[in-house]
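Read through the structure below, which is laid out as structure tokens, and then see the notes.
There are 2 protein chains.
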Amino acid sequence: MSSDLPTGPEEANEALFSRFSINQQTIKQWSLPELVDGCAKAGVRGVGLWRAPVQEYGVAAAARLVRDAGLTVTSLCRGGFFTALDSKDRADALVDNRAAIEEAAALGTETLVLVSGGLPAGSRDLHGARERVADALGELAPYAADAGVRLALEPLHPMYAADRCVVSTLAQALALAERFPAEQVGVVVDTYHLWWDDTIGSQIGRAGAGGRIAAFQLADWVTPLPAGVLLGRGQLGDGAVNLRWFREQVDAAGYRGPVEVEIFNPELWERPGAEVLAEVAERFARHVMHAR
Amino acid sequence: MSSDLPTGPEEANEALFSRFSINQQTIKQWSLPELVDGCAKAGVRGVGLWRAPVQEYGVAAAARLVRDAGLTVTSLCRGGFFTALDSKDRADALVDNRAAIEEAAALGTETLVLVSGGLPAGSRDLHGARERVADALGELAPYAADAGVRLALEPLHPMYAADRCVVSTLAQALALAERFPAEQVGVVVDTYHLWWDDTIGSQIGRAGAGGRIAAFQLADWVTPLPAGVLLGRGQLGDGAVNLRWFREQVDAAGYRGPVEVEIFNPELWERPGAEVLAEVAERFARHVMHAR
Numbered sequence: 001m002s003s004d005l006p007t008g009p010e011e012a013n014e015a016l017f018s019r020f021s022i023n024q025q026t027i028k029q030w031s032l033p034e035l036v037d038g039c040a041k042a043g044v045r046g047v048g049l050w051r052a053p054v055q056e057y058g059v060a061a062a063a064r065l066v067r068d069a070g071l072t073v074t075s076l077c078r079g080g081f082f083t084a085l086d087s088k089d090r091a092d093a094l095v096d097n098r099a100a101i102e103e104a105a106a107l108g109t110e111t112l113v114l115v116s117g118g119l120p121a122g123s124r125d126l127h128g129a130r131e132r133v134a135d136a137l138g139e140l141a142p143y144a145a146d147a148g149v150r151l152a153l154e155p156l157h158p159m160y161a162a163d164r165c166v167v168s169t170l171a172q173a174l175a176l177a178e179r180f181p182a183e184q185v186g187v188v189v190d191t192y193h194l195w196w197d198d199t200i201g202s203q204i205g206r207a208g209a210g211g212r213i214a215a216f217q218l219a220d221w222v223t224p225l226p227a228g229v230l231l232g233r234g235q236l237g238d239g240a241v242n243l244r245w246f247r248e249q250v251d252a253a254g255y256r257g258p259v260e261v262e263i264f265n266p267e268l269w270e271r272p273g274a275e276v277l278a279e280v281a282e283r284f285a286r287h288v289m290h291a292r
Numbered sequence: 001m002s003s004d005l006p007t008g009p010e011e012a013n014e015a016l017f018s019r020f021s022i023n024q025q026t027i028k029q030w031s032l033p034e035l036v037d038g039c040a041k042a043g044v045r046g047v048g049l050w051r052a053p054v055q056e057y058g059v060a061a062a063a064r065l066v067r068d069a070g071l072t073v074t075s076l077c078r079g080g081f082f083t084a085l086d087s088k089d090r091a092d093a094l095v096d097n098r099a100a101i102e103e104a105a106a107l108g109t110e111t112l113v114l115v116s117g118g119l120p121a122g123s124r125d126l127h128g129a130r131e132r133v134a135d136a137l138g139e140l141a142p143y144a145a146d147a148g149v150r151l152a153l154e155p156l157h158p159m160y161a162a163d164r165c166v167v168s169t170l171a172q173a174l175a176l177a178e179r180f181p182a183e184q185v186g187v188v189v190d191t192y193h194l195w196w197d198d199t200i201g202s203q204i205g206r207a208g209a210g211g212r213i214a215a216f217q218l219a220d221w222v223t224p225l226p227a228g229v230l231l232g233r234g235q236l237g238d239g240a241v242n243l244r245w246f247r248e249q250v251d252a253a254g255y256r257g258p259v260e261v262e263i264f265n266p267e268l269w270e271r272p273g274a275e276v277l278a279e280v281a282e283r284f285a286r287h288v289m290h291a292r
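Line by line, the protein sequences are chains P and L. In this text, residue positions in the first sequence follow the UniProt record's numbering: the first is 1, and each later residue adds one. In this text, residue positions in the second sequence follow the UniProt record's numbering: the first is 1, and each later residue adds one.
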């Protein structure tokens, strides 16, 4: 056993899972009460939630359910989609994002994940779309700060640049976030989106030095990608990503927050939720946390 | 009509298409003789070829066929796949790449396109794989130079990093190429792979200043991506890429070579080749060459 791990099995487990969080989408076959119950049974204390299932259950009721179970909501997904050209659409997006901020506050999480949005239909102006993201952050960041919520800008893999998110690298996300105070706008470091980038180590250092790492999310990269490339994320350890290296980089950059596992994979959704959660936890211990 | 275009229709056509080249894969329903014949009928003078159909026809016979038709071979695709860990596999790759260099020389093209290769099965070491690409370039570059062929390292979209090409950005490709003389190792600028990158303008400038642009290839980015993400390239003008901006950047960087259209798209392959070639030429004039 490595010398930097606690020696007793219970302490080891405690240290391993103190930062672990399961994102709701990873086990989306579970209803919100099933998720809360399943986490309690498995000793999992952090959950990342999504707006649609929370709204369906009722925001106040969801907040109560999670709080009563002693769970921490590590993030809420997602606001964003700021890139419309039409002014009515942009105003609607701001209204929706203010609602997302209020939902995050009600759930007791500081972290609202933002997916910026893709190119408007027929547009080829990536730069303009990125500036509209900055404009929206300027509108929303003070409002979020007043609610005790930080906007967490998530760079998505470049394969989503046209239709989902014009912010494709951590460097880009940081350049946008750094226009605002660190306590108002941070970034999400997600291994699935960023693993291929040869500058990612130095960009994680930059993010950490600026106090900008608002969330750290994990999924593995597996091929072949499915049509639409949305639901092909891999279980931890099944793919190409050096997950432990990422966790060490984020730790070395000073991040001490939750480590959230967010996998979109229909194969996981077909299995019993408790079995998936146990597998994720085992993979997390083996591929993310344990020293080599 | 814009003042920087010739005024007569024939001269305009001449100027528009003097650098145009059609990559064989764009119209792969055509055999090599059909391609040569179709290009002659359409007034197209440049073709990018692939090794498999050339080998099938016979390298010497293909070289003669193309030369007799007055066509220029603008590039040969492809060498590469340098990332194996097994020494026997790596030695085999070098043998195969020397053959590719000889085929390029026989066809009279200076440009051999290299797709570097992905991660070996089970490996998560992107850095190591990239260094093995550098090692192979070191082995092959002098051999290629002796044959009058330049190695053209192609960065592929990050969605191919695991299974096809560990070189994902133009900056990375340039950092590798710059270890060698510019006349031995250049880079490919392909809009499909690089369009999302917010640093691409400055990297094209860097590539041009160093005399490193060995090829300029065009395809558009359309969504949704198909399963496997290999055959989803869009016809020029159908997607998100500002093709004219790219051509202007490459021109401004001092590149004066061929502009090759390389689209992998099964819908194009189902149509008559001459119809596809005419459509590509019309799109090229409209979306790539004409001033705004």
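All residues carry an ideal CB built from backbone N, CA and C; glycine is no exception. Just so we're clear, the structure is a prediction, and the values are computed from it rather than from any experiment.
DSSP has residue i in a bridge; who is on the other side?
i: L/S21; result: L/E260
i: P/W245; result: Bridge partners of P/W245: none, in fact.
i: P/L49; result: P/L76
i: P/A152; result: P/V113, P/G186
DSSP state of residue i, grouped into three classes?
i: P/T191; result: helix
i: L/S31; result: coil
i: L/A144; result: helix
i: P/T199; result: coil
i: L/S75; result: strand
i: L/Q172; result: helix
i: L/A274; result: helix
i: L/F284; result: helix
i: L/T26; result: helix
i: L/D135; result: helix
i: L/A215; result: strand
i: P/G237; result: coil
i: L/V36; result: helix
i: P/D251; result: helix
i: P/D220; result: strand
i: P/A15; result: helix
i: L/M289; result: helix
i: L/S2; result: For L/S2, the predicted structure reports a pLDDT of 38, less than 50, and the residue's modelled location is therefore unreliable. A value from the coordinates is still provided. Three-state DSSP puts L/S2 in coil, outside helix and strand.
Since residue i contacts residue j with CB under 8 Å, what's their CB separation in whole angstroms?
i: P/L274; j: P/G38; result: In the sequence as presented, Leu is not what sits at residue 274 of chain P; that position holds Ala. P/A274 to P/G38, Cβ: 6 Å. Contact.
i: P/H287; j: P/L225; result: 21 Å between Cβ atoms; not a contact.
i: L/G254; j: L/F216; result: Actually they are not in contact, since the Cβ atoms of L/G254 and L/F216 sit about 12 Å apart, beyond 8 Å.
i: P/A15; j: P/A278; result: At roughly 19 Å, the Cβ-Cβ gap does not stay under 8 Å, so P/A15 and P/A278 are not in contact.
i: L/L65; j: L/V44; result: Between L/V44 and L/L65 the Cβ distance is about 15 Å, and since that is not below 8 Å, they are no contact.
i: L/G80; j: L/V115; result: 4 Å
i: L/L243; j: L/P266; result: Not really, about 21 Å apart at Cβ, beyond 8 Å.
i: P/L76; j: P/G46; result: That belief does not hold up - the Cβ atoms of P/L76 and P/G46 are roughly 13 Å apart, past 8 Å.
i: L/A175; j: L/R212; result: With a Cβ gap of about 11 Å, L/A175 and L/R212 do not count as contacting.
i: P/T109; j: P/E260; result: Not really, about 11 Å apart at Cβ, beyond 8 Å.
Buried or exposed for residue i, please, with buried defined as at least 16 other CB atoms from any protein chain shown within 10 angstroms of its CB.
i: L/D68; result: exposed
i: L/D190; result: buried
i: P/V241; result: buried
i: L/Q29; result: exposed
i: P/H127; result: exposed
i: L/D163; result: buried
i: P/Q55; result: exposed
i: L/T84; result: Sequence inspection shows Ala at residue 84 of chain L; the Thr mentioned does not correspond to that position. Classification of L/A84: buried, given that the 10 Å Cβ count is 16 or more.
i: L/E34; result: exposed
i: L/V222; result: buried
i: P/D197; result: buried
i: L/V133; result: buried
i: P/A63; result: buried
i: P/E282; result: exposed
i: L/G138; result: exposed
i: P/N97; result: buried
i: L/P158; result: buried
Using only the heavy atoms of the ligand COA, determine whether one of them is closer than 7 Å to the beta carbon of residue i.
i: P/L16; result: Of ligands this structure carries none, so the ligand COA is not represented either.
- Task: Report yes or no: do the segment 122-131 of chain P and the segment 90-104 of chain P share at least 3 C-beta pairs separated by less than 8 Å?
- Result: Taking 8 Å as the limit for Cβ pairs, the verdict is that the segment 90-104 of chain P does not touch the segment 122-131 of chain P.
- Three or more C-beta pairs closer than 8 Å, one from the segment 184-201 of chain P and one from the segment 146-156 of chain P: is that the case here? yes
- Message: Under 8 Å: do the segment 39-50 of chain L and the segment 20-29 of chain L share three or more Cβ pairs, one atom per stretch?
- Response: yes
- Query: Is the segment 203-212 of chain P close to the segment 240-255 of chain P, with three or more CB pairs under 8 Å?
  - Reply: yes
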